[in-house]
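Everything in the sequence shown is counted per our numbering, starting at 265 for the first residue and increasing by one. Each residue gets a CB set at the ideal place from its N, CA and C atoms; glycine is no exception. In what follows, a structure is listed as structure tokens, so that the remarks can point back to it.
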Amino acid sequence: MSDKSLIQWVGDQLHELVGISERLIVQFLVDMATSAKTPEWLLKQLIESESLPDNEKAKVFTNELFK
């Protein structure tokens, strides 16, 4: 997936999950995924930072983003 496509996809998913899609938040999520060792770690960090809700949709999203 190209960087532009990834940013668009993350923005769309973020809007669906939390109702917003700010460019800086999208970039934060992409950066977190890039440095993550596992999708579970990524999900835990994003839930703890209150960036994502603790639900099944967030889990599916972080698993896809981690790939």
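| Query | Result |
| --- | --- |
| Residue range of the unbroken alpha helix (DSSP H) whose run includes G275 | D267 to V282 |
| Close Cβ partners of W273 (< 8 Å) along its chain, the five nearest in sequence each way excluded | M265 |
| Beta-carbon proximity check, S315 vs L293, cutoff 8 Å | yes |
| Residues near F330 by beta carbon distance below 7 Å, same chain, minus five either side | A297, A300, P303 and L306 |
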